[in-house]
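Visitor: Sharing a structure, written as structure tokens. Questions coming.
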Amino acid sequence: MAVITHIELRMVDLAPKVERVDAIQSFVSQETPILTIFDSDGACGTGYSYTIGTGGPSVMALLEHTLLPRLIGQDADRIDGIWRDLLYATHATAVGAITSLALAAIDTALWDLRCRKQNLPLWKAAGGSRDHIPLYSTEGGWLHLSTETLVEDALAMQGQGFKGSKIKIGRPHISEDAERLAAVRDAVGPGYEILTDGNQGFTLSEAIRRAKMLEEHGVGWFEEPLKADDVAAHRELAGRTSVPIAVGESMYSLSQFKDYLQAGAASIVQVDVARIGGITPWLKVAHLAEAFNVMVCPHFLMELHLPLVCAVPNAKWLEYIPQLDGITEETMRIENGMAHVSNDPGLGITWDWERLDALAQPKTIKGGA
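In numbering that gives the first Met the number 0, the protein residues as written are 0 to 368.
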């Protein structure tokens, strides 16, 4: 049995390629904890998570001082057991973003290690449902962009074979959102999916009002219309509109997804592998959604979500927001609007270690406090 011998931990801050503004926030950086776990066979696996602009040092402190020392000497193949042990070791700070993001970095590294030792790509090790999936683009749909820019981007993505675009909504008046959506629909014509995202910016009454407008434009979903923890309001909204309601990027536990699915308050599950705490719980949410005949369309992290959406049968889309181009040697393969998985063992991410070392020297954890 190979055991974990040491772990290298670092954090890099990645600037987005474009300005990103939605109904409640804007961000100019992505603090990205990255860790590599080594075992006594000499094998290693790398995982990561992220925060939008702030909070990264808190995640790093939890990893360095509490979680990573507990991994030394553990059997790295006990992935589910390790995940649960670490969750209960941090029970005072769970369920929540900081603990979930820290667990995700560990869990994705353990899956990468397992897949490399088994000589399997993650998409096959986790299920192997398909080897490609349609993309929709978000990078040209941010709230601050002009209508003309929205149209230009949607046409450009359509020309590249993409199957849809996401438009952020939440302009001060409903007529502004309507005008922007109408312009994009007129430009791309029928058959191209337009998805919308409210980023938790509406009250229930306003969400119902805007949902009626969204029906007129045939949008594919209304994402995060309300505060993420308000199951009852989402259930009310879902019962008042034909537009599918998408939730999940701001949820941090399997139980939260269970509550939404049991209530019939979600039509699309957007579980985020970092915010749910890693691949282990991500797969549980995806299979739970399948039992409710609900599709999985995860939020962000396209490089890591690609093998996961290809592992399960009930995934429909991958969100196109490039993140890791500056610290990886290869980008994911896209052909005619389809993202294709890597068949290399592990997560399918080829890190540029020279670039990473230039950005942040790793700290080595060998055990103890």
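All C-beta atoms, glycine included, are put in the ideal place defined by N, C-alpha and C. Given the structure is predicted, the values throughout are model-derived calculations rather than measurements.
Take A232 as the anchor and find which of S241, G263 and E215 has the nearest alpha-carbon.
Guide: By one-based count along the sequence shown, residue 232 stands at place 233. For A232, the nearest C-alpha among the options comes from G263.
Visitor: Find the nearest neighbour of G126 within the set T279, I71 and P361, judged by alpha-carbon distance.
Guide: The residue given as residue 126 occupies position 127 in the sequence shown. The shortest Cα separation from G126 among T279, I71 and P361 belongs to T279.
Visitor: Starting from Y319, follow the beta strand (DSSP E) in both directions and report where the run begins and ends.
Guide: Looking up residue 319 in the sequence shown gives position 320. L317 to Y319 is the span of the beta strand (DSSP E), which, as asked, contains Y319.
Visitor: Please classify L198 as buried or exposed, where buried requires at least 16 other C-beta atoms within 10 Å of its C-beta.
Guide: Within the sequence shown, residue 198 is the residue found at index 199, counting from 1. Contrary to the premise, residue 198 reads as Asn rather than Leu in this sequence. Buried: at least 16 other Cβ atoms inside 10 Å.
Visitor: Taking the alpha helix (DSSP H) that L280 falls in, what are its first and last residues?
Guide: Here the question's residue 280 lines up with position 281 in the sequence shown. Correcting the residue type first, residue 280 is Pro in the shown sequence and not Leu. Taken as a continuous stretch (DSSP letters only), the alpha helix (DSSP H) holding P280 covers I278 to A290.
Visitor: Given a cut-off of 7 angstroms on the beta-carbon distance, is the pair K219 and E192 in contact?
Guide: On the sequence shown, residue 219 is found 220 positions in, with the first residue counted as 1. On the sequence shown, residue 192 is found 193 positions in, with the first residue counted as 1. The question names Lys, yet the displayed sequence has Gly at residue 219. Remark: C-beta atoms of G219 and E192 approach each other more closely than 7 angstroms.
Visitor: Starting from K362 and walking both ways along the beta strand (DSSP E), at which residues does that stretch end?
Guide: Position 363 of the sequence shown, counted from the start, is the residue given in the question as residue 362. Residues K362 to I364.
Visitor: Taking the beta strand (DSSP E) that S204 belongs to, which residues open and close that run?
Guide: The residue you call residue 204 lines up with position 205 of the sequence shown. Element bounds for S204: not the beta strand (DSSP E) but the alpha helix (DSSP H), L203 to E215.
Visitor: Can you pull the DSSP bridge partners for M294?
Guide: One-based indexing of the sequence shown puts residue 294 at position 295. Bridge partners of M294: I267.
Visitor: Based on the DSSP secondary-structure assignment, which residues constitute the bridge partners of K167?
Guide: In the sequence shown, residue 167 corresponds to position 168, counting from 1. Partner(s): D196.
Visitor: Check whether the Cβ atoms of V230 and V268 sit closer than 7 angstroms, and answer yes or no.
Guide: To locate residue 230, count along the sequence shown from 1; it is residue 231. To locate residue 268, count along the sequence shown from 1; it is residue 269. The answer is no: Cβ separation not under 7 angstroms.
Visitor: Along the chain, where does the alpha helix (DSSP H) containing G80 start, and where does it finish?
Guide: Along the sequence shown, one-based indexing puts residue 80 at 81. G80: member of the alpha helix (DSSP H) spanning I78 to A88, first to last residue.
Visitor: Excluding five sequence neighbours on each side, which residues of the same chain lie with their C-beta closer than 6 angstroms to the C-beta of C296?
Guide: The residue given as residue 296 occupies position 297 in the sequence shown. Excluding positions up to five away in sequence, the list reads I267, Q269, K315 and W316.
Visitor: Any idea what DSSP makes of W350, helix, strand or coil?
Guide: Taking the first residue of the sequence shown as position 1, residue 350 is located at position 351. In the structure shown, W350 sits in a strand (DSSP, three-state: E or B).
Visitor: Excluding the five sequence neighbours on either side, which residues of its own chain have a C-beta within less than 8 angstroms of the C-beta of K362, listed in chain order?
Guide: Counting from one through the sequence shown, the residue named residue 362 turns up at place 363. Once the five neighbours on either side are set aside, the close Cβ partners of K362 are E7, L8, R9 and E63.
Visitor: Mind checking which residues open and close the alpha helix (DSSP H) that includes F256?
Guide: The sequence position of residue 256 within the sequence shown is 257, counting from 1. Where F256 is concerned, the enclosing alpha helix (DSSP H) stretches over L253 to A262.
Visitor: Would the beta-carbon of G347 fall within 7 angstroms of that of C114?
Guide: Walking along the sequence shown from the start, residue 347 turns up at place 348. Walking along the sequence shown from the start, residue 114 turns up at place 115. Not in contact: G347 and C114 (Cβ atoms no closer than 7 angstroms).
Visitor: Output the distance between the C-alpha atoms of L358 and G238, rounded to the nearest integer angstrom.
Guide: As a first step, residue 358 is located in the sequence shown; it is residue number 359 there, counting from the start. As a first step, residue 238 is located in the sequence shown; it is residue number 239 there, counting from the start. Answer to the nearest angstrom: the Cα atoms are 49 angstroms apart.
Visitor: To the nearest angstrom, how far is it from the Cα of R209 to the Cα of I173?
Guide: Here residue 209 is taken as the residue at index 210 of the sequence shown, counted from 1. Here residue 173 is taken as the residue at index 174 of the sequence shown, counted from 1. Looking at the two C-alpha atoms, the distance is approximately 7 angstroms.
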